[in-house]
Amino acid sequence: NPITTIQYEIPNDGNVRLVIYNILGQEVITLVNYDQWAGKYSVRWDGINQYGNQVASGTYFYFLKTNNNQSVKKMLLLK
């Protein structure tokens with residue numbers, strides 16, 4: 258089973274939202290949606306969507322939003 262680890266750092270305490278999107282911009286799954294302290298974190302994604310189904314290999318994007326910042330990064334999921 259494919260597993261990828263997403264590492265991120267937040268500069269200030271606050272709400273963090275990390276969402277995976279497919280190449281069409283459709284939400285695949287929300288991995289993080291809660292308050293976190295400032296610091297470095299990692300979260301694992303096993304290629305399962307919000308409905309419990311394995312997604313296809315391909316390009317995905319993860320969107321990280323905090324109180325003061327947001328960023329988007331691209332990743333490749335291979336089976």
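According to my numbering, the sequence shown is numbered sequentially starting from 258. Ideal placement from N, C-alpha and C gives every residue a C-beta, glycine not left out. Note that this is a predicted model, so its numbers are computed, not measured.
For Y308, the secondary structure class from DSSP, reduced to helix, strand or coil, is coil. Taking C-beta atoms as the reference points, V276 and T287 count as a pair closer than 8 Å. Cβ neighbours of L333 within its own chain (closer than 7 Å, five residues either side excluded): T316. Spatial neighbours of L335 in its own chain (CB-CB distance under 8 Å, excluding positions within 5 residues in sequence) are listed in chain order as P259, S314. With a beta-carbon spacing of about 13 Å, Y298 and Y319 fall beyond the 8 Å limit used to define contacts. The Cβ-Cβ distance between N269 and N324 falls below 8 Å.
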